[in-house]
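Numbering (our numbering), first residue to last: 13 to 370.
Structure, as structure tokens:
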Amino acid sequence: MIPPGSTIGILGGGQLGRMTAQAAASLGYRTVVLTPETDSPASQVTSQTIVAGYEDRAALQQLADLCDVVTYEFENIPLDGVTWLADHVPVHPSPRVLKICQDRLREKDFVSRLGIATTRYRAVTSFAALADTVGDIGRPVVLKSTRMGYDGKGQATIRDETDLGVAWRQMGAAIGIVERFVDFAYEASVIVARNADGTAQCFVPVENRHANHILSETHVPAPMTPDVAAAAEAIALKIAEALELIGLLAVEMFVLPDGQLMVNELAPRPHNSGHWTLDACVTSQFEQLVRAITGLPLGSTERLADAVMENLIGDEIDKWPEIAADPRAKLHLYGKAEARPGRKMGHVTRLYPRPHQT
Ligand SMILES: Nc1ncnc2c1ncn2[C@@H]1O[C@H](COP(=O)(O)OP(=O)(O)O)[C@@H](O)[C@H]1O
Ligand SMILES: [Mg+2]
């Protein structure tokens with residue numbers, strides 16, 4: 013057990029790191045953030061920041077020396093640095109988990125081998141092979157870079173009329189994955205936490221609505237029958253177990269009209285679709301991460317209210333005065349100076365109290 017008073021290292025300085033640092037502070041932990049960015053959202057709330065690249069060995073050494081445990085807030089960090097770090101200080105989730113989750117192909121192979129449904133997919137390693145691969149899978153498909161994608165970046169949808177050359181350039185990488193386009197009823201996610209003794213807990217499945225491939229709203233709970241919700245949680249638990257996860261994992265899924273579930277992708281870190289837990293659950297996803305990686309007992313994931321979380325993206329941040337004037341809106345701003353298009357600037361959660369249950 014790593015007791016309160018100890019120091020947690022966080023790789024990455026974005027809003028996920030910021031909210032993790034805030035949760036850590038609430039439990040009496042110090043945090044040190046390593047990020048290439050000066051004045052990052054996380055560094056505004058942390059005890060110390062190391063401004064350096066993720067492969068800077070001297071900086072990683074400094075982080076290892078300062079911290080009792082290290083975690084990360086995004087998966088697009090170079091694996092080598094994290095693997096090196098893990099030889100010097102405990103890193104959770106493990107580099108093995110990161111290796112699987114930072115590559116869409118490895119991730120889908122891993123999930124399929126567990127007998128969990130995904131959409132049909134195939135690797136494509138050159139433009140020359142794209143036409144055959146698309147033919148095999150059958151249009152419409154989504155072409156994605158296997159690495160470094162987020163918020164729909166590195167993706168192209170290929171419909172009947174789409175030019176393959178244009179799609180390949182839009183994808184923009186040397187290796188891709190071709191996925192059958194899923195005509196889903198809606199998208200959902202389950203966030204699961206698991207600690208070193210194998211105890212695991214899920215938050216309730218939620219529905220995620222996207223605009224321009226970026227999460228725009230999370231509705232809690234997802235409109236699932238109890239059977240489908242149980243199946244979604246079972247999938248998340250099975251994956252967490254197979255990964256021997258210590259920490260937090262978000263499992264993004266497609267829900268088909270008949271209730272069938274397909275796993276889309278995994279994120280071994282706090283997830284945007286879990287921000288509502290800050291205001292509506294006994295324990296937030298960020299506190300749960302801190303508990304999981306320090307060996308504290310996991311907290312209750314009980315949901316005290318239904319909720320709708322809305323992201324404030326780009327100039328939507330200009331709405332903050334109205335939101336702040338609504339006494340029941342829970343406003344969270346990330347301290348980012350500049351509102352670029354597509355940039356996540358904050359979020360607001362509105363709670364809908366549940367009927368009293370005894
Ligand atoms: N195979 C697919 N079929 C239909 N829609 C998809 C498919 N893959 C991705 N999408 C859409 O694009 C969004 C982003 O894709 P995702 O794989 O989650 O990448 P990321 O979130 O890392 O950008 C998804 O949430 C979904 O709305
Ligand atoms: Mg996604």
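A virtual CB, placed ideally from N, CA and C, is assigned to each residue, including glycine.
Treat the numbers as computed from the prediction; the structure is a model and nothing was measured.
Judged by DSSP in its simplified three-state form, Q74 adopts helix.
Cβ-Cβ separation between V153 and R192: approximately 6 Å, consistent with a contact (criterion under 8 Å).
Annotated three-state conformation of C214 is strand, per DSSP. S124 is positioned such that its CB atom lies no closer than 8 Å to that of T131. Along the region 153 to 186, the beta strand (DSSP E) occurs as fully enclosed runs of 3 or more residues at 153 to 157 and 167 to 170, listed in sequence order. Under the Cβ criterion (8 Å, minimum of three pairs), the region 81 to 93 does not count as touching the region 211 to 228. When C-alpha distances from D144 are compared across G26, V190 and R42, the shortest belongs to V190. Closer than 7 Å to some heavy atom of ligand 1: that does not describe the Cβ of F86. Per DSSP, the unbroken alpha helix (DSSP H) holding K120 starts and ends at R116 to R125. Secondary structure at M31: helix, using DSSP grouped into helix, strand and coil. DSSP, reduced to helix, strand and coil, places S228 within a strand of the structure shown. Collapsing the DSSP output to three states places D318 in a strand. Residue nearest to A244 within the set D330, S201, A208 and M183 is S201 (criterion: CA-CA distance).
Counting along the chain, T137 sits inside no alpha helix (DSSP H), nor does DSSP assign it H or E at all. P365 sits in a strand when the DSSP states are folded into three classes. Between ligand 2 and the CB of N207, the shortest heavy atom gap is not smaller than 7 Å.
Restricting attention to H100, T95 and L126, the CA atom closest to the CA of K111 is found in T95. Secondary structure of Q56 (DSSP, three-state): coil.
For I112, the secondary structure class from DSSP, reduced to helix, strand or coil, is helix.
Scanning I62, T43, G40 and V44 for the CA closest to the CA of T50 turns up I62. Around the beta carbon of D270, a 10 Å sphere encloses fewer than 16 other beta carbons of the protein chains shown; the residue is thus reported as exposed. K165 has its Cβ nearer than 7 Å to a heavy atom of ligand 1.
With a beta-carbon spacing of about 6 Å, G25 and S55 fall inside the 8 Å limit used to define contacts. In its chain, beyond the 5 residues on either side, V232, W288, A292, T361 and L363 have a beta carbon closer than 6 Å to the beta carbon of A319. The beta-bridge partner set that DSSP reports for Y198 consists of V267.
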